[in-house]
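Beneath this line is the structure, given in structure tokens, with notes to follow.
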Amino acid sequence: MTEMAVVGAPSPNGSGANSSDLIETRGLSLGYNKIPVVRDLDLHVREGEVVCILGANGAGKTTTILGLAGELSPMSGEIHWLGKPVKSPLHVRARQGLAFVPEERSVIFGLSVLDNLRLGQGDVDAALELAPELRDMRHKRAGLLSGGEQQILTLARALASNPRLLIADELSLGLAPLVVERLLLAARRAADRGIGVLLVEQHIRSALAVADRALVLRRGQVVLQGTAAELSSRTAEIEASYMTAGPDEDETD
Ligand SMILES: Nc1ncnc2c1ncn2[C@@H]1O[C@H](COP(=O)(O)OP(=O)(O)O)[C@@H](O)[C@H]1O
Ligand SMILES: [Mg+2]
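Residues in the sequence shown are numbered from 965 upward in steps of one, following my numbering.
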């Protein structure tokens, strides 16, 4: 844990990146079948901070984090993980402390909450501290939980593995506002204990309330970024200009 890193402060080289970065990309391009979807992306996540990726459907958010997680190979550019360039797949990065929560829910319905948490092979008690609402339902079968509770369990299980970096894709998709806030709060608590958190979110206001920094993607490129405070004052503009690109984000204006 470094005390040196001032969250959101630019580094002397102006890139914003520095040695406490858990993950950093340089000129990263990602795509499918040789067609780029995300272009020339520079981002970084440090210990102790929550960084949010915002953007409309099809903007390239999932593509971005699939690349960071090691599920999709870069077309060009670099990803530095724990200070070194990486090309390893997710299962190797996972062993080194990268927890990835994809968009699909993945709790095991037939197992209890506690047994689901144990699958993380980590610290179940710590996970319950971060998501205390699970305590009372720890003996309940996961299949009997509400959608929101299942997502909290998904997050808690990822946190039980004691990751250094958590990357989560739209954890709160389709959930009630109160549950969204609980999920985001659990992510915030985890960051306050020193891990880095990178979240893809559609709930801009709730996300910015817990984030340190955010970036807005549009058609695979960063069009806006800043501290959560800076972007919070522009939520109306972000919502109007960047979150509602319509059904086909690839269309030209
Ligand atoms: N497996 C895939 N093969 C080809 N194109 C894809 C694939 N997944 C996503 N895309 C395209 O990449 C673009 C970005 O998608 P995605 O990263 O899922 O956006 P977001 O998560 O922001 O909604 C979209 O135009 C989408 O159609
Ligand atoms: Mg997505």
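A virtual CB, placed ideally from N, CA and C, is assigned to each residue, including glycine.
R1169 lies in the alpha helix (DSSP H); which residues open and close that run?
1168-1174
Just to confirm, are D1176 and E1013 a CB contact at a threshold of 7 Å?
yes
Return the CA-CA distance between Q1185 and K1104, expressed in angstroms with no decimal places.
43 Å
Give a single yes or no on whether K1048 has its beta carbon closer than 6 Å to a heavy atom of ligand 2.
no
Could you tell me the distance, in whole angstroms, from the CA atom of A1090 to the CA atom of K998?
42 Å
Near ligand 4: G1022 beta-carbon under 6 Å from a heavy atom:
As presented, the structure is devoid of ligand 4, carrying ligand 1 and ligand 2 as its sole ligands.
Taking 7 Å as the limit between beta carbons, can you name the residues of its chain near A1140, skipping five residues before and five after?
Taking A1140 as the centre and dropping the five residues before and after it, the same chain places the C-beta of G1112 closer than 7 Å to its C-beta, in chain order.
Among G1019, P1000, E1011, the one whose alpha carbon lies nearest that of G1031
P1000
Quick one: residues in its chain with C-beta nearer than 8 Å to the C-beta of Q1115, no 5 flanking neighbours on either side, listed in chain order?
R1069, L1135, S1136, L1139, V1143, L1147
Using a 10 Å radius around the Cβ and a threshold of 16 neighbouring Cβ atoms, would you call P1096 buried or exposed?
exposed
Would you report the Cα separation of L1094 and V1009, rounded to the nearest angstrom?
20 Å
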